[in-house]
Amino acid sequence: MSQRTKVIDLYKTVIIILITLLFNIELLHLGKDYPQGYDYFRSRLKKAFMKNKDVSDPEKIKKMIAHGEFVKKEIEALYMLKKYRTLKRRYNDENQ
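Residue 22 in my numbering is what sits at position 21 of the sequence shown, and the numbering runs on without skipping anything.
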């Protein structure tokens, strides 16, 4: 393996690690409003990440990151739906 290839592989590995860390921080921020509480959310999130800590295949890591992004978007959608329902309920209560 040439030095150039080693450097590129190292770069890709570092990028994947950074993306994972940033993603983890975003998910923790989403847990602040979780119905069962932040501590429950944080422990479940940590378990999910620790379950896959030994994965080293870059393709599998990319798939897991994509799945994590999907889960993050689903959580955001549920929060928006909850806020919408609350506003709708309040607005309808005021009009009646």
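C-beta atoms are modelled at their ideal positions from N, C-alpha and C, and glycine is treated no differently. The structure displayed is predicted, hence computed values, not measured ones.
Counted as a single uninterrupted DSSP element, the alpha helix (DSSP H) harbouring K47 occupies residues Y39 to K52.
Per the coordinates, the alpha-carbon of I17 lies some 23 Å from the alpha-carbon of F42. About 7 Å separates the Cβ atoms of M65 and V56, confirming a contact at the 8 Å cut-off. The C-beta distance from P59 to K13 rounds to 6 Å, short enough to fall under 8 Å. As the crow flies, the alpha-carbon of K83 is around 11 Å from that of I76. Residue environment: G38 is assigned as exposed (fewer than 16 neighbouring CB atoms within 10 Å of its CB, all protein chains considered).
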